[in-house]
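Listed in order, the protein sequences are those of chains E and S.
Number 377 in the numbering used here belongs to position 7 of the first sequence; there are no gaps in the numbering.
Number 41 in the numbering used here belongs to position 37 of the second sequence; there are no gaps in the numbering.
The C-beta atom is built at its ideal place from N, Cα and C for all residues, glycine as well.
Below is one structure, written out as structure tokens; the observations come after it.
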Amino acid sequence: DTAVSQTPKYLVTQMGNDKSIKCEQNLGHDTMYWYKQDSKKFLKIMFSYNNKELIINETVPNRFSPKSPDKAHLNLHINSLELGDSAVYFCASSHLRQGGTNEKLFFGSGTQLSVL
Amino acid sequence: SQQGEEDPQALSIQEGENATMNCSYKTSINNLQWYRQNSGRGLVHLILIRSNEREKHSGRLRVTLDTSKKSSSLLITASRAADTASYFCATDAGADSNYQLIWGAGTKLIIKP
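This is the structure:
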């Protein structure tokens with residue numbers, strides 16, 4: 371069984387459209403994340419979320435919004451897509467230890483977003 | 005936010021040789037983690053080393069941590085073609101990084117058969 375699954379794997383869309391990427395984890399983790407990986411493989415944290423707190427990277431445009439219907443899901447919604455949004459988006463989850471120490475992250479296989 | 009730095013950016017070696025990658029960081033940390041990313045795939049956790057540890061092994065992997073120099077190294081012994089991937093370090097600096105992992109830019113490792 372896949373621990374962290376995200377769909378779709380590929381997403382091709384036009385500028386200005388709104389799209390969502392779904393993520394589910396079956397590991398019982400309390401914290402989920404969205405990362406953006408650019409063409410140079412640089413990883414940038416976009417959001418982290420547990421059932422208590424949403425932490426937003428202040429550099430992320432407000433066109434991006436995470437939505438968590440329950441503890442096992444963290445979807446990413448993107449409004450008014452722009453060319454610069456083209457990248458690979460990764461969902462991840464982990465158990466955040468007491469005191470805020472990050473244990474290892476489990477990643478989904480990624481969604482390659484291409485905005486035309 | 006501050007970023008870890010890895011070197012080299014790319015490394016190409018013959019199968020069977022050892023591969024060493026380095027990671028430097030800027031703040032005090034709780035732990036440092038190494039991940040592997042195969043082409044077109046998600047990242048996979050390899051090893052976590054805590055700030056009070058100096059060395060850790062897992063199979064053919066050996067990780068060292070020098071907190072005085074704020075650096076870590078990942079050694080892969082007896083490399084195989086399947087080790088071809090990008091390798092990332094990530095540091096957990098706790099409150100100093102708003103409880104987010106800080107990632108390096110990665111080392112691209114190519115193992116030539």
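A straight line joining the alpha-carbon of E:Y405 with that of E:N445 spans about 12 angstroms.
For S:L52, a Cβ of chain E is located within less than 9 angstroms of the residue's own Cβ. Taken atom to atom, the span from the alpha-carbon of S:V48 to that of E:F476 is near 7 angstroms.
Excluding five sequence positions before and after E:H443, the CB atoms of its chain that fall closer than 6 angstroms to its own CB belong to E394, given in chain order. S:L105 belongs to the set of residues whose beta carbon lies under 9 angstroms from a beta carbon in chain E. In the DSSP secondary-structure assignment, S:H49 is bridged to S:Y39. DSSP, read as helix, strand or coil, puts E:L413 in strand. Nearest CB-CB separation between E:G398 and chain S: not below the 9 angstroms threshold.
When DSSP reads this structure, S:I80 sits in a beta bridge with S:A23, S:L65.
For E:E394, the nearest beta carbon of chain S is not closer than 9 angstroms to its own beta carbon. The beta carbon of S:L69 does not come within 9 angstroms of any beta carbon belonging to chain E, so the residue lies off that interface.
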